[in-house]
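K.L.:
Chains as they are written, first to last, in this note's numbering: chain B, 1 to 904; chain D, 1001 to 1261.
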Amino acid sequence: MIPTREWTKFEIAGLEGFSTDANFEAIEDWTLTKNPYLYFGRIHEPVNYWWYNGIVRPSDPSFKSQTSLDEILDAVIEATIGTEESAYDWTSIYLMTPTITDPNAWIENIVNGKYYDGENEWDSYPAPPKTLDYHDAPYVAAGDFPYSLSNWLWSYKTGEGCWGNLQQENLFRSGFAFWAHLWPPGGNPRALFSGRPMRLKIRYLNAIVNSLNRASVPLAGGVELVLTGLGFHNDEDELNEHAHPAIGWNDSVDKIYFEGLQGQVNPPALTLAAGDYTIDSNTQITIPAGKMPALTAGTYNIKLMKDVVAGGGIPDVYSYAGDFHCDSSGRIRDGRRIELLAADAYADEEKITPLILTKWRFKNKLGVEIIQNWSEIDICTPGTFYDGKITNLSSLRRGISDNDGLFAISDMTVEVANGNREISILLTTNLLKNQLVDIEFIWGNRPYAARQSILQCIVDDHGMKGSTFWALLKDITRKYFQVQVPRYLCTEAEFSDIHENAKGKAMPEVLGLCSVTTGDDLGATEARCVDTVNKSYLVARGSLYSITEVYSDNVLMAGGGVDYDIFYRDGGRTYIDFVLTQGDKKVTFNSAGYMFPDWDSAGGYVQNPAYIIAFAMAFLAEIPIELIDMDLIDALAVDFETAGYDTSGHLNLQAQTTFDIVLLELLSSYGCKGFPGNDGRLKIEKKSIAGVLSTSKHLFDQIDLIRPADRIENLRSAVNLASAIFNYQPVPDKYFGSYSSSRPTSIADFEAEIDGGSVLQFPWTNSENLVRELLRDILYRLGYGDKILSFPISMEHIDDYDLFTNFKYQDPFGPSADGTGEVGRYYYVMSLTYDWRSRTIMVEAIDLQWLLRQYFILGDEDALPVNWNITPDAQRIWGYLCNEITGKFADGEDGKILITEVGL
Amino acid sequence: MTLRYITTNLINSTTLPSDDATYRTTEDAIYKVANLYNKRPSKPFRFTAKAAQWLKVELAAATPVTFAGIFNHNIPSGETINLEGANADAGYAAVCTAAWRNHDIGSFFTATWKWWKLNIGVQVADPFPQIGEFVLGNYSTFASAWVQPGQADGPTFAMAESQTHYGQDWSEHLANTQEFRISLLNLTDPATVDDLQTFLTDIFENSNGKFILIPDHTKPHCFYVRVKNYKDFAYREIYGTKELRRWSLELETLTRGITLL
Chain B
1 MIPTREWTKF EIAGLEGFST DANFEAIEDW TLTKNPYLYF GRIHEPVNYW WYNGIVRPSD
61 PSFKSQTSLD EILDAVIEAT IGTEESAYDW TSIYLMTPTI TDPNAWIENI VNGKYYDGEN
121 EWDSYPAPPK TLDYHDAPYV AAGDFPYSLS NWLWSYKTGE GCWGNLQQEN LFRSGFAFWA
181 HLWPPGGNPR ALFSGRPMRL KIRYLNAIVN SLNRASVPLA GGVELVLTGL GFHNDEDELN
241 EHAHPAIGWN DSVDKIYFEG LQGQVNPPAL TLAAGDYTID SNTQITIPAG KMPALTAGTY
301 NIKLMKDVVA GGGIPDVYSY AGDFHCDSSG RIRDGRRIEL LAADAYADEE KITPLILTKW
361 RFKNKLGVEI IQNWSEIDIC TPGTFYDGKI TNLSSLRRGI SDNDGLFAIS DMTVEVANGN
421 REISILLTTN LLKNQLVDIE FIWGNRPYAA RQSILQCIVD DHGMKGSTFW ALLKDITRKY
481 FQVQVPRYLC TEAEFSDIHE NAKGKAMPEV LGLCSVTTGD DLGATEARCV DTVNKSYLVA
541 RGSLYSITEV YSDNVLMAGG GVDYDIFYRD GGRTYIDFVL TQGDKKVTFN SAGYMFPDWD
601 SAGGYVQNPA YIIAFAMAFL AEIPIELIDM DLIDALAVDF ETAGYDTSGH LNLQAQTTFD
661 IVLLELLSSY GCKGFPGNDG RLKIEKKSIA GVLSTSKHLF DQIDLIRPAD RIENLRSAVN
721 LASAIFNYQP VPDKYFGSYS SSRPTSIADF EAEIDGGSVL QFPWTNSENL VRELLRDILY
781 RLGYGDKILS FPISMEHIDD YDLFTNFKYQ DPFGPSADGT GEVGRYYYVM SLTYDWRSRT
841 IMVEAIDLQW LLRQYFILGD EDALPVNWNI TPDAQRIWGY LCNEITGKFA DGEDGKILIT
901 EVGL
Chain D
1001 MTLRYITTNL INSTTLPSDD ATYRTTEDAI YKVANLYNKR PSKPFRFTAK AAQWLKVELA
1061 AATPVTFAGI FNHNIPSGET INLEGANADA GYAAVCTAAW RNHDIGSFFT ATWKWWKLNI
1121 GVQVADPFPQ IGEFVLGNYS TFASAWVQPG QADGPTFAMA ESQTHYGQDW SEHLANTQEF
1181 RISLLNLTDP ATVDDLQTFL TDIFENSNGK FILIPDHTKP HCFYVRVKNY KDFAYREIYG
1241 TKELRRWSLE LETLTRGITL L
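(1) Does any residue of chain D have a CB that is nearer than 8 angstroms to the CB of VAL111 (chain B)?
(2) In chain order, what residues of the same chain have a beta carbon less than 7 angstroms from the beta carbon of TRP850 (chain B), not counting five sequence neighbours either side?
(3) Our contact map puts SER543 (chain B) next to GLY54 (chain B) with C-beta atoms below 8 angstroms; I'd like the distance itself, whole angstroms only.
(4) Tell me whether SER1140 (chain D) sits in a helix, a strand or coil according to DSSP, three-state version.
(5) Tell me the rounded alpha-carbon separation between ASP749 (chain B) and ARG743 (chain B).
(6) What residues match up with ALA1086 (chain D) in a beta bridge as DSSP calls it?
(7) Please report the Cβ distance between VAL223 (chain B) and MET305 (chain B), rounded to the nearest whole angstrom; I am assuming they are in contact, meaning their Cβ atoms lie under 8 angstroms.
(8) Please classify ILE1011 (chain D): is it buried, with 16 or more other beta-carbons within 10 angstroms of its beta-carbon, or exposed?
(9) Once DSSP output is grouped into helix, strand and coil, what is the label at THR1025 (chain D)?
(10) Nearest by alpha-carbon distance to ASP531 (chain B): which of B:ALA502, B:SER546 and B:MET557 is it?
(11) Taking 8 angstroms as the CB-CB cut-off, is TYR115 (chain B) touching chain D?
(12) THR428 (chain B) lies in the alpha helix (DSSP H); which residues open and close that run?
(13) Counting contacts by CB-CB distance shorter than 8 angstroms, is HIS1165 (chain D) in contact with chain B?
(14) Less than 8 angstroms between the beta carbons of THR517 (chain B) and SER648 (chain B), yes or no?
(15) List the residues of chain D that TYR320 (chain B) touches, going by C-beta distances under 7 angstroms, in chain order.
(16) Distance cutoff 8 angstroms, beta carbons only. Does SER1036 (chain D) sit that close to anything in chain B?
(17) Is the beta carbon of ARG337 (chain B) closer than 8 angstroms to that of GLN435 (chain B)?
(18) Output needed for THR581 (chain B): all residues of its chain with C-beta closer than 6 angstroms, excluding positions within five of it in sequence on either side, in chain order.
(19) Kindly say whether TRP1113 (chain D), judged by its beta-carbon, lies nearer than 8 angstroms to any beta-carbon of chain B.
(20) Is TYR728 (chain B) buried or exposed, if buried means 16 or more other CB atoms sit within 10 Å of its CB?
(21) Leaving aside the five residues before and after THR429 (chain B) along the sequence, list all residues of the same chain whose C-beta is less than 6 angstroms from its C-beta, in chain order.
(22) Quick one: what's GLY680 (chain B) bridged to in DSSP?
(23) Judging by CA-CA distance, which residue of D:GLU1252, D:TRP1115, D:GLY1121 and D:PHE1204 is the nearest neighbour of ASP1153 (chain D)?
(24) Alpha carbon to alpha carbon, how far is PRO61 (chain B) from LEU171 (chain B)? Give it in angstroms, no decimals.
(25) Indicate whether TRP51 (chain B) and ARG42 (chain B) have their beta-carbon atoms separated by less than 8 angstroms.
(26) Name the one or two DSSP bridge partners that ARG1181 (chain D) has.
(27) For LEU166 (chain B), which three-state DSSP category applies?
(28) Mind checking which residues open and close the beta strand (DSSP E) that includes GLN452 (chain B)?
(29) Against chain D, does THR353 (chain B) count as a neighbour if the rule is that its beta carbon must be under 8 angstroms from one of theirs?
(30) Determine whether the Cβ of PRO42 (chain B) lies closer than 8 angstroms to any Cβ atom of chain D.
(31) Are the beta-carbon atoms belonging to LYS1043 (chain D) and PHE385 (chain B) less than 8 angstroms from one another?
(32) Comparing the C-beta of ALA297 (chain B) with each C-beta of chain D, is any distance below 8 angstroms?
(33) Does the CB of TRP1247 (chain D) have a neighbour CB from chain B at under 8 angstroms?
(34) Please decide whether GLU339 (chain B) counts as near chain D, where near means a Cβ-Cβ distance under 8 angstroms.
(35) Run the CB neighbour count on VAL1124 (chain D), radius 10 Å, all protein chains shown included, and call it buried at 16 or more, exposed below.
(36) Looking only at C-alpha atoms, which of B:TYR537, B:ASP323, B:CYS514 and B:ILE625 sits nearest to LYS505 (chain B)?
See the structure below:
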């Protein structure tokens, strides 16, 4: 695995070329075009040649060369490609990294329409043949559409070196250029494509350090320091995966530097050659105690250097520990530079003086930001001064709804001293509404780099009262979740011959299998008649995997050009073009939805519930993928697949609604919870047994709780009878599945059936088994009330408890037969309310009995060896299953018997 | 023993400008020299080198000075701190060498110079030198007021108190200051201006109630304080042609803030 960064949002432009000699070397051969979607191809006619190149560049500001992430290995662009017209010749699709030198900031200034002067701006367009050999160039045949393109920029090219690395300046400045190469040449070949860039991935040579095994070292050194991350010694085969030909890379961390931040004299670099450390794996480096140098008191950055050899062209590769993080799949996200503290009188567990840090952004009309950092006391840090002008912070609650799975974050009010009128002056020329505010926390005896994020907010409102400025903050996800999805409408401005019935209607977004073949309303989704002249219907904003049936006023139509044909054009949108006009008839269809190769189920399109959620967030709501914890999504997808639900999800959106409603429906349909974690990323999880029993967190009533806990049974919330409907399709506006279940013991004990008052809706799954599981969990959880524990603890626990954290709770007054209370009952955190004034955290937690009761636990499943044969004798006190016929274990030892403990 | 105070700092943006190599050896991009005279010790100036660092102050003309102080510094014990003076930016003569104290250091002397140079040298193992406030001025005393004994002073700690119902303590230290309650008696007569009233008016109108306090000039303690009470300072105890007034001042040192590595 090699550190990889991903982008999913792009800016798109195009180059339109016309030449009579197929040379295209002259400036005047080209015109810049501003395309709403990726468009490229060629038309060759005798004497006249038209070339169309599509330019794609990630819009996120992170797409640039950055310290610690500045040496590219290779890259891949993924796109869904359709053809613009039926006339099509066999073609290969190429990529280029355009060598555009003037102006450097062309994306901001040109693609957004501020400038639109192709001839002058594009004065150094390269001759395309220069780049032909340096990437994969797949041949695409007429029957391949919609085509999932995955084009790699090669990592190595004979005689050139590391091609991705050599091209990185052009790549960061200008992005990729798509172009088509007609084959075979001759005749009058033509091919015009359009598509949607889905994802750009760049693999980097920089080593990434996620964490150290310790926050501090003694001045004399002499302690082991372990660096954990990725890319410490990349696998040669992986490096050569896109190299032509394979070479030796010598890719390993060759030196480690300690750089003092307070002017210390730095120790000499540790070197691999001298055996100063060992590269245990691609993810771990160990500096043994005997090699850890003595350090002068202060804090240090840790810098790693690789002397990679790739036929020349690659400079030494440097990276600072912590600048970036990698998840378990190698995906890179922003981090925070690690500062190792060298001190003798420091204990990691010592926590003194809790501090709140806030960062505010005032923005003027030109987009220029003025940063303000405020706290409750003046705080000096190495690179930032926090003005101690916050006079009051209201409490902040982060919580998850256990019923619908969506999180809720309270608003927060901040009062700031404005006696010096500094804020008054700022507000005369700057805006604060909807600007980001970071809320962070740190202990006063920790290095600044050890601060942790609590929440990222936006300013919803602000005002003044005398010399006090106040601001009302809301969590940042409102910014993404309040968008309307589908985001795009069918408008007359775009489609001049649109049918009256389609005007202003949403372009459908379809994921998973959406099919209705019986009943009064056939077809799951309604197509939009966007061109009455050409009898063209838009069926989805993206490229559908397949359309299985098309109905016109409930009459099944024949495809393959008989009644209609399917096209993928205008940026990969899916269209049905009819042979005959359908007039005012309602055209509906059944389909298999969007594709995304990494997330597709076995059928070739996205169906796994975890990836349905991810796709909706990344590509429908257009939330930057870096804000989504994809590690958790991948793990959740595996869980769904293991449970047999990998094809059970779908999403069929025809009418605009706010995305938080859609996300809530998705989460409840799959029994998941969604919330922003304290690392700022959106986390989607489903509570499972994993990690519950092995939790090391244990709260003691007498020691940790500021006040005795409220153990609330909430019997009035009890539900022992539940009915659900599932598998919704919008055209018939109907749920196609239903299921009911009950808790007989609860019904008997309460002598009443309690149904909770409404039918549960799981619109976006077609799996009755999944719905059965969801109802089971709900009835287990609520059969005897939703058992909630709430209590305040000191803010000293802030590092240890986040939403969804499992813990054990010791309660001397907990129910127990012998009156000794409960030593450790399992709970997970449902909400955290930070009271900044009292420096306490109110915790609400859910009793995990509903989950644990589903398991027969033989010992500690997280700690025990997986079978008897490899279990040491001391651990054989726990239960293992033996051969039911012989009554013996595999090694011949006698099996165990189940007896009653009573009387033992 | 005498209570002394300083209300006017001769150092300002004219006499010690930012971003000018004439006046300092090094200067942090965030912690500028302007922070040396912002009446806010918690927002400091910071050098970006260690050995042989200095600051220079250029007064308009040769000016007598009787007090120099640095507040909320981080200079370790045993390191160089001395003040020199000259009438041109050369040939500096020694004025005083400060006896090191933690956080705040003040020295009394009598010297008249135009140029003043504060020398600081620290070792490689030390942090970059940092000073919250640098004060050059002239001390004053109350001509007709006497400090009365029996008043409280000492550190005050801001704490977030938390305790479990079993008594387990989770209290958190937030910050600490030094507080003083000073009682002064003075004999006034209508013919003289009350120097206490003049003092209070001066520090509130010009410094938001902040000034430098030396409770006992024979002791090394000096404090950058603010007056916490805003009214009811004085009560008349004896009336007549010469009345006796008892003044009460509640003082609190300015916060030192937090410094994170």
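Don't be surprised by glycine CBs; every beta carbon is placed ideally from N, CA and C.
P.N.:
Here's the rundown:
(1) Legend: pLDDT at VAL111 (chain B) = 47, less than 50; position of this residue unreliable, value from coordinates given subsequently. Taking CB atoms only, VAL111 (chain B) has no neighbour in chain D less than 8 angstroms away.
(2) Cβ within range, chain order: ASP777, TYR780 and ARG781.
(3) Incorrect: roughly 16 angstroms between the Cβ atoms, too far for contact.
(4) In the structure shown, SER1140 (chain D) sits in a strand (DSSP, three-state: E or B).
(5) The straight-line gap separating the alpha-carbon atoms of ASP749 (chain B) and ARG743 (chain B) is approximately 10 angstroms.
(6) According to DSSP, which records beta bridges pairwise, ALA1086 (chain D) is partnered with D:TRP1115.
(7) Not a contact, Cβ separation roughly 23 angstroms.
(8) So ILE1011 (chain D) ends up on the buried side.
(9) In the structure shown, THR1025 (chain D) sits in coil (DSSP, three-state: anything other than H, G, I, E or B).
(10) Minimum Cα distance to ASP531 (chain B) is reached at B:ALA502.
(11) In this prediction, TYR115 (chain B) scores a pLDDT of 47, lower than 50, which makes its location untrustworthy; the coordinate-derived value is nonetheless stated afterwards. By this cut-off, TYR115 (chain B) is not an interface position.
(12) Judged by DSSP secondary structure, THR428 (chain B) falls within the alpha helix (DSSP H) whose first and last residues are 422–429.
(13) It does; some Cβ of chain B falls within 8 angstroms.
(14) Going by C-beta atoms, THR517 (chain B) is not nearer than 8 angstroms to SER648 (chain B).
(15) Going along chain D, no residue has its Cβ under 7 angstroms from TYR320 (chain B), so there is no contact; the nearest lies around 16 angstroms.
(16) Before going on, a small fix: residue 1036 (chain D) reads as Leu here, not Ser. No, no contact with chain B.
(17) Contact flag unset, no.
(18) Contacts found: LYS535.
(19) Cβ-Cβ to chain B under 8 angstroms: no for TRP1113 (chain D).
(20) In the assembly as shown, TYR728 (chain B) is a buried residue. Its beta-carbon has 16 or more other beta-carbons within 10 Å.
(21) For THR429 (chain B), where only same-chain residues beyond five positions count, the Cβ hits under 6 angstroms are ASN364.
(22) As far as DSSP is concerned, GLY680 (chain B) takes part in no beta bridge.
(23) Nearest of D:GLU1252, D:TRP1115, D:GLY1121 and D:PHE1204 to ASP1153 (chain D), Cα basis: D:GLU1252.
(24) Those two C-alpha atoms are separated by around 14 angstroms.
(25) Taking 8 angstroms as the Cβ cut-off, TRP51 (chain B) and ARG42 (chain B) qualify as a contacting pair.
(26) BP columns for ARG1181 (chain D) point to D:GLU1250.
(27) When DSSP states are grouped into helix, strand and coil, LEU166 (chain B) belongs to the helix group.
(28) Per DSSP, GLN452 (chain B) belongs to the beta strand (DSSP E) from 452–465.
(29) Yes, THR353 (chain B) counts as interfacial toward chain D.
(30) Checking the sequence shown, residue 42 (chain B) turns out to be Arg, not Pro. For ARG42 (chain B), the answer is no, since every Cβ of chain D falls outside 8 angstroms of its Cβ.
(31) Cβ atoms of LYS1043 (chain D) and PHE385 (chain B): closer than 8 angstroms.
(32) It does; some Cβ of chain D falls within 8 angstroms.
(33) False, the Cβ-Cβ gap to chain B never drops below 8 angstroms.
(34) Residue contact with chain D for GLU339 (chain B): present (Cβ-Cβ distance below 8 angstroms to some residue of chain D).
(35) Flag for VAL1124 (chain D) reads exposed.
(36) Checking every option, the nearest Cα to that of LYS505 (chain B) belongs to B:TYR537.
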